[in-house]
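K.L.:
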Amino acid sequence: MSIFTNPLLEAKGITKYFGTITALENVDLKVHAGECLGVVGDNGAGKSTLMKVLSGLYKPSAGSLYFQGKEEILESPKDSQNLGLEMVYQDLALAGNLPIGENIFLGREPTKNVGFLKFLDFNKIKELTNAHLGKLKINVKSADQKVEELSGGQRQAVAIARSTAFNAKVVIMDEPTAALAIKEVGKVLDLINSLKKTGVGVIVISHRMDDIFSVCDRVMALFQGTNFAESELSNTSRDEVIGWIMGKK
Amino acid sequence: MEEKDNKKESLYLKLMPYIEKYGILLLLVLMILVMHILQPDVFLSWRNVTNVFKQISWQSMLALGVFMVIVTAGIDLSVGSIMMLSLMVLAIVAKAGAPWFIVVITPLIAGFLCGLFNGAGITLLRMPHPFIMTLGTLYIFRGTGNLISGGTPISGFTDEVRYLGHGRIDLTWLGLEKSQYLPVSLVLIAVVYIIFWFFLNHSRTGKWIYAIGGNPSAARASGINVNKILIIVYSLCGFLSGIGALILAGRTDSGYPNAGLQSELDAIAACIIGGASFFGGRGTVLGVFAGVMIMGILRNGLNLMDVSSFWQQVLIGSIIVIAVYIDVLRRDLGTRK
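First to last, the sequence lines map onto chains P and U. Count along the first sequence from 1, then add 1; that gives the number in this note's numbering. Count along the second sequence from 1, then add 469; that gives the number in this note's numbering.
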């Protein structure tokens, strides 16, 4: 398949220094459309730094990013959003005091013109939210419910819905199941699988082998800021991946 | 059994937003009733009602400004000083003989610039908390106001300048008596509050102000320029304090050094009574208006009953504590822990 020869997102030789500390050194990463890449590594291996480079929050000290084969320089999270690169943060980055719909469209609210003034179009927000939640099969009582009234799993679902509401091509998720009750984990993993079917490239950072082995197609391990190992999921085992995290091949 | 629970919960979910939005109005209506029963002849008379609105006119501007700041989880301690400095600038410009249309915009510009200074300090100088920046400017602005005026009152403005604070809209064409006029300041309060209600609830910037109060890192991750929004909020707060100065100039016909002394605390109290949360992201414009009214009616009613101002202080303080405690109880019921 041609999509597997041309990666959607590719990072080459990413290096990031913080003062004298080397957080990342010469790291490569790629993800294809409809594919899920698992990124594993111990605490401090550089996973979060790499994701922040991909989302435009950090500028790499060296290396380059290619999106659909074209080199891109990301100055801010806005730039990566414009490309269709979305991030789901570990702390979810939702405003609890706002309703679900307004969280999904936060910063990109649809408006209508009344004379020379621009007003928020609440009907459109509600309509688009219901359609989008329906497409992802996310069940909530109402799009008007405040996020602080939701359970952890529902919040995670809203965060994922938020990341995919604007034709996202690549979604990066940082520990999507870390804060969830066991029965909610399955729902979020189902959601990731349905995202893949729509042709979105997904990158999942996780400590949980169960997550990696139920949604990912490929897994790569970072160790002390460098590429340590990488494999198709079918060619490896849990024990081997756990070994990589600890720096053993 | 489960169905019953569901029904109960859905009724609860339906009622919750209304209680959250309009609960404070119930308290206000209750207070009006109590005052009316205690003072049946005077309290609801035309003269006394317009008097209450005239008394709260400038406080309501400060409270609205502070409210927006509190929604962002910030605080502005300098509004009283901004109002005093704007008032002094107005007085000096008026005494210098500037035409009235120049005089009336000077406090608005002065207030806006003071607010801009606060906002710039909080964002660009990266002050650890708005409390510190605005505590500093509380002294700076009042000191500046005294420096430019020499610390003495400056009195005597033209009728045009005094119109917003002192003007009367004649209602005799409605068949009412001459004494039953509408204060211009009451109309001004209504217009300003409606404009800011629209701004906060129906514009993107307004929504972002609430989002910043709810979760600043979420706002930042959504591509919102948090610093820019904060500068806008503090500038608008200063601007509203400038409107307060213009009203006060009309009411007192004088720029005086003690103008707005401790009124920042009244403004904060009105917001808290009105249901704004110090942690940001919660509160309504209607709530602030109710908060201002509750404080105004309490003062007015106690004055009518000849209760000493010392008791007024005790009562207002108690209302703050009780109002917030009710809020705490309500929130325990309303959200998941």
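Note that the Cβ used here is the ideal one computed from N, Cα and C, for glycine as well.
Please give the ranges of any alpha helix (DSSP H) in the stretch 543-587 of chain U, keeping only runs that are unbroken, at least 4 residues long and fully inside the region.
P.N.:
Complete alpha helix (DSSP H) runs here, min 4: 548-564.
K.L.:
Does the structure place the stretch 546-558 of chain U close enough to the stretch 715-728 of chain U that three or more beta carbon pairs sit under 8 Å?
P.N.:
yes
K.L.:
Just list the alpha helix (DSSP H) runs in the stretch 657-708 of chain U, keeping only unbroken ones of 4 residues or longer that don't cross its boundaries, in chain order.
P.N.:
673-683 and 685-690
K.L.:
Where does TYR608/U land, buried or exposed, given buried means 16+ other C-beta within 10 angstroms?
P.N.:
exposed
K.L.:
How many Å lie between GLU72/P and GLU11/P at the Cα?
P.N.:
9 Å
K.L.:
Kindly indicate which residue of GLU103/P, ALA132/P, HIS208/P and LEU134/P has the alpha-carbon position closest to the one of LEU121/P.
P.N.:
GLU103/P
K.L.:
Tell me, which residues are paired with ARG109/P by DSSP?
P.N.:
Under DSSP, ARG109/P shares a beta bridge with no residue.
K.L.:
Between the C-alpha atoms of LEU118/P and ASN124/P, what's the straight-line distance to the nearest angstrom?
P.N.:
17 Å
K.L.:
Is the Cβ-Cβ distance between ILE539/U and CYS740/U less than 7 Å?
P.N.:
yes
K.L.:
What's the C-alpha gap between ILE206/P and ILE173/P?
P.N.:
Going by the C-alpha atoms only, they are around 8 Å apart.
K.L.:
For ASP212/P, which option in LYS197/P, MET221/P, THR178/P and VAL203/P has the closest C-alpha, if you only look at C-alpha atoms?
P.N.:
THR178/P
K.L.:
Tell me the rounded alpha-carbon separation between ILE4/P and LEU533/U.
P.N.:
Confidence at ILE4/P is low in this model, with a pLDDT of 46, below 50, so the placement of that residue is unreliable and no value is reported for it.
K.L.:
Can the beta-carbon of PRO78/P be found less than 7 Å from the beta-carbon of LEU58/P?
P.N.:
yes
K.L.:
Rounded to whole angstroms, what's the CA-CA distance from LEU95/P to MET52/P? Just pull it up for me.
P.N.:
19 Å
K.L.:
Any C-beta of chain U sitting closer than 7 Å to the C-beta of PRO111/P?
P.N.:
Not closer than 7 Å to any Cβ of chain U, the Cβ of PRO111/P fails to qualify, so no.
K.L.:
Starting from the beta carbon of ALA688/U, find every residue of chain P whose beta carbon is closer than 9 Å, and list them in chain order.
P.N.:
ALA94, ALA96, LEU107 and GLY108
K.L.:
Which stretch, first to last residue, makes up the beta strand (DSSP E) that contains SER232/P?
P.N.:
227-233
K.L.:
Suppose you measure from the CA of PHE747/U to the CA of GLY786/U; what does that come to, to the nearest Å?
P.N.:
PHE747/U and GLY786/U have their C-alpha atoms some 17 Å from each other.
K.L.:
Using alpha carbons as the reference points, say which of LEU784/U, PRO622/U, ILE574/U and VAL562/U lies closest to LEU767/U.
P.N.:
LEU784/U
K.L.:
Chain P beta carbons: is any one of them nearer than 7 Å to that of ARG673/U?
P.N.:
yes
K.L.:
Is it buried or exposed for SER56/P, if we count other Cβ within 10 angstroms and need 16 for buried?
P.N.:
buried
K.L.:
Roughly how far, in whole angstroms, is the beta-carbon of VAL661/U from the beta-carbon of LEU633/U, given that I think they are within contact range, below 8 Å?
P.N.:
Not really, about 11 Å apart at Cβ, beyond 8 Å.
K.L.:
Could you work out which residue in PHE224/P, LYS250/P and LYS13/P is closest to GLY47/P when comparing CA atoms only?
P.N.:
PHE224/P
K.L.:
Closer than 9 Å by beta-carbon distance: list the chain U residues that pair up with GLU103/P, in chain order.
P.N.:
The contacting residues are LYS676, TYR679 and ALA680.
K.L.:
Would you check if the stretch 575-584 of chain U and the stretch 517-526 of chain U touch, i.e. whether three or more CB-CB distances between them fall below 8 Å?
P.N.:
no
K.L.:
On the criterion of 16 or more Cβ atoms from any shown chain inside 10 Å, does VAL498/U qualify as buried, or is it exposed?
P.N.:
exposed
K.L.:
Using a cut-off of 9 Å between C-beta atoms, extract the partners of PRO1/P located in chain U.
P.N.:
Shown here, chain P extends from 2 to 250; a query on residue 1/P therefore has no answer.
K.L.:
Counting contacts by CB-CB distance shorter than 7 Å, is LEU121/P in contact with chain U?
P.N.:
yes
K.L.:
By Cβ distance below 7 Å, which residues in the same chain neighbour ASP639/U in space, the five residues on each side in sequence not counted?
P.N.:
Within the same chain, TYR650 come within 7 Å of ASP639/U by CB-CB distance, once the 5 residues on both sides are set aside.
K.L.:
Given that a residue counts as buried once 16 or more other Cβ atoms are within 10 Å of its Cβ, and exposed if not, what is THR753/U?
P.N.:
When all chains shown are included, THR753/U counts as buried.
K.L.:
List, in order along the chain, the chain P residues whose C-beta lies closer than 7 Å to that of GLY810/U?
P.N.:
There is simply no residue 810/U to check, as chain U begins at 470 and stops at 806 in what is shown.
K.L.:
Select from GLY226/P, LEU234/P, THR23/P and MET247/P the residue whose C-alpha is nearest the C-alpha of ASP29/P.
P.N.:
If we check each option's Cα against that of ASP29/P, GLY226/P comes out closest.
K.L.:
Would you report the Cα separation of MET247/P and GLY45/P, rounded to the nearest angstrom?
P.N.:
12 Å
K.L.:
Compare the C-beta of ARG720/U with all C-beta atoms of chain P and state if any pair is closer than 7 Å.
P.N.:
no
K.L.:
With DSSP as the reference, label CYS217/P as helix, strand or coil.
P.N.:
coil
K.L.:
Tell me whether the beta-carbon of VAL171/P lies closer than 7 Å to the beta-carbon of LEU86/P.
P.N.:
yes
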